[in-house]
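Residue numbers (our numbering), protein chains in the order written: chain P, 1 to 550; chain L, 1001 to 1280.
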């Protein structure tokens, strides 16, 4: 079956509901659909750049609050309640909490916004912030601190992952539960948080877990039933698989971690999904897993229909610092050394900025993401531009001083094709890292890190030249955070203190700001409804929407 | 039955009508007497094959890591595990164990607890190993890179520093890095006391220069693009809205020498300093 016939087949399976609260599959195929935000990143590319210009440098100073929505839902108050937990059941590795934040990116389709946070979901009117329905999932436990990164939508159906590793499907119109499927057993400390990505008739979901040295995988699932179409394990499963010899033995491969716990990006022309993977396990005590440990801390390209590995690139071979490589793989079409090229770009948690050819995985650029004096963990680079880890900077029983210390993290960056700048929130720091578990078979984290002092490092938003990786400008304050750029010449982000800001994307000058009661917790978004451009951001349990004053 | 804790055991303090579920994998949920009994039974009956820590490995008779085994992880409160012991795995040469049911439950509880201990990293205990060379530490302390003796004396302000830090290497090394206290006040901006913020735990002084040339000094409480707020030595909070670069703010950290050293230290420097200061 070729790509075209697959698309036709996928559309034929869609529920017959071409009215409101239905995502036309054509919208998903569009780059930058300005009147919808149909995926986690707004489109498949991960650029988080909008062509909208109504709000621009000349008028952004009149941006004003249009509405705000406080997302509340309990088992008693939600209009819909579901999930597997029954009275008397215990919970595993966590439990329900009334403290949650909206860390994900709501979808906006047909004027309705779909929000998820941990075990909860809401639909609201994107014009007014008025609630349509809410949903509460009775959890069996799991780590709730990672939260839900958002939903995927297929026709009139919504999908989101819960902290106890269930994939939940809701009817978009009513919020009624269609089904929930266990993705991995919460008893084994698996937890789930990524926003499912919908590509034709595939729902891509990922699992993760850290402390019990689980193996991890990515699934393609059927949107109608939730059944698995194909599964890709993030560590090699049989002799002859790529990466087999980067682990010492079968035990280490089966307990190697590498959860794909952040949203994917997708290139429709190449039909490749771009998957980022987490740290290896045991996390900091690596004596039982000598080798590069593929495909941990990697960027992997898979065929969307088969799950077949097409290429991979490991940003942090043999990581021992818990530096998941789950930062967004941003797909950019740009001139590269005078020729048009399909690129994938990642600002990595290990402190480096990578540019690759996304068709082949060919390495094009590695550059310091943060001030290079903080990057003491690698001795240099190999001929593929991969950092070579310094064994002496692995956790040591008497302590090793390690930087740059979580240079960035999963909150999504942004790329503006007008400026050619890649915007990302960063950290710098140095800390002592101690090996705690010295046994032949360490388990869990096995190390204790983060014991540092002030190193004078900077937190803030960096604007990085795509072509060179060099810093164009930096705003001090902010750290890792979600960002948005628009064709109005604007970058939206948080200043690290109390203000949500619009920056001049070219210079970093702040053109507008508004006081926030708490720091923003997700990436800003924008959409057009009835001719009005909205800017939207969440802070803890509240969503704020802004328009030009009128 | 003693299994208050363990995966799927009877919820501690809960019950069929409990309004909120109990997280039974938290170490606080375990009945430690059951765990302790299980540990003794394990040492007597199981450790000879599975190793004292139940993790298996190349030096044990069997290479099965019980702390990562589904027979343990998917057990609910010892029910399945105690039944499993009654049959064993003859196909894998694991004999059956004719233990009283409660003994099987206790072994399961001990295994569950071992799993939990590895998970709760906030409870990890760092090893207390002084690996440094005290002589080299003394040289660094008085040398041109460390220049620690510019501000400190081992017979003065640092007298007893080893004792104060319980002669614990990680604690002492943290104290060396931090200048004896936690401090903020980097190059970043933010609310006082926040990471990278201007507060600095009293170690940072802000000098605010107004457009008319007036200077006001105090402890920074908030330094942002839009607001400057400090607390003056007499306890008064002063706040200015910011217009561009005015008012100007200069931050001075009394622990700047420690901040500067963070990018100069080798690991050996830190270990040597710790060894030198430990008996002072």
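Note that CB positions come from ideal geometry on N, CA and C, so glycine has one too.
For residue 211 of chain P, at least one C-beta of chain L is nearer than 8 Å to its own C-beta.
Residue P:384 holds the alpha-carbon nearest to the alpha-carbon of residue 364 of chain P among P:384, P:379, P:350 and P:349. The C-alpha of residue 198 of chain P is placed about 7 Å away from the C-alpha of residue 154 of chain P. Taken through DSSP and simplified to helix, strand or coil, residue 1170 of chain L comes out as helix.
Pairing residue 1136 of chain L with residue 1273 of chain L, the inter-Cα distance amounts to about 8 Å. Taking residue 307 of chain P as reference, the option from P:245, P:234, P:320 and P:294 with the minimal CA-CA separation is P:234.
When C-beta distances to chain P are compared with 8 Å, the residues of the segment 1160-1173 of chain L below that value are 1169, 1170 and 1173, in chain order.
Rounded to whole angstroms, residue 1029 of chain L and residue 537 of chain P show a C-alpha spacing of 39 Å. Taking C-alpha positions only, residue 244 of chain P is separated from residue 360 of chain P by approximately 21 Å.
Think of a sphere of 7 Å around the beta carbon of residue 1031 of chain L: no beta carbon from chain P falls inside it, the nearest being about 14 Å out. Look at residue 1276 of chain L: its C-beta is not under 8 Å from any C-beta on chain P. Counting only runs of 4+ residues, the alpha helix (DSSP H) found wholly inside the segment 205-288 of chain P occupies 250-254, in chain order. Under the Cβ criterion (8 Å, minimum of three pairs), the segment 189-196 of chain P does not count as touching the segment 130-137 of chain P. Listed as beta-bridge partners of residue 1246 of chain L by DSSP are L:1243. Residue 443 of chain P places its beta carbon 8 Å or farther from that of residue 374 of chain P. For the C-beta of residue 434 of chain P, the chain L residues within less than 8 Å are, from N- to C-terminus, 1126, 1127 and 1170. Under the DSSP definition of a beta bridge, residue 310 of chain P lacks any partner. One alpha carbon belongs to residue 1167 of chain L, the other to residue 466 of chain P, and they sit about 50 Å apart. Counting along the chain, the unbroken beta strand (DSSP E) around residue 346 of chain P starts and ends at 339-347. Listed along chain L is no residue with a C-beta nearer than 8 Å to that of residue 48 of chain P; the closest approach is about 23 Å. Contact note: residue 1071 of chain L does not reach chain P at a C-beta cutoff of 8 Å; the least C-beta distance is about 12 Å. Neighbourhood of residue 498 of chain P in chain L, by CB distance below 7 Å: 1224, in chain order. Bridge partners of residue 181 of chain P according to DSSP: P:167.
For residue 1110 of chain L, the enclosing alpha helix (DSSP H) stretches over residues 1101-1119.
Residue burial is scored here from C-beta neighbours: residue 86 of chain P has fewer than 16 other C-beta atoms within 10 angstroms and is therefore classed as exposed. Put simply, the CB of residue 233 of chain P is far from chain L, with every gap to its CB atoms at 8 Å or more. Going by C-alpha positions, residue 392 of chain P is about 10 Å away from residue 399 of chain P. Taking a Cβ-Cβ threshold of 7 Å, the residues of chain L close to residue 398 of chain P are 1129, 1131, 1169 and 1271, in chain order. For chain P, none of the residues of the segment 1097-1109 of chain L brings a beta carbon within less than 8 Å of one of its beta carbons.
Each residue's CA atom was taken as its position, placing residue 146 of chain P and residue 469 of chain P some 29 Å apart.
By the neighbour-count definition (other C-beta atoms within 10 Å, threshold 16), residue 267 of chain P is a buried residue.
Residue 1279 of chain L sits close to residue 1162 of chain L, with the two beta carbons spaced by under 8 Å.
Just measuring C-alpha positions, the residue of P:232, P:211 and P:66 sitting nearest residue 126 of chain P is P:66.
Contact annotation, residue 167 of chain P with residue 151 of chain P: C-beta distance approximately 11 Å; criterion of less than 8 Å not satisfied.
Membership of residue 132 of chain P in any alpha helix (DSSP H) is not indicated; the residue belongs instead to the beta strand (DSSP E) covering 131-137. Close partners of residue 1023 of chain L in chain P (Cβ separation under 9 Å): 90, 91, 92, 93, 94, 95 and 141.
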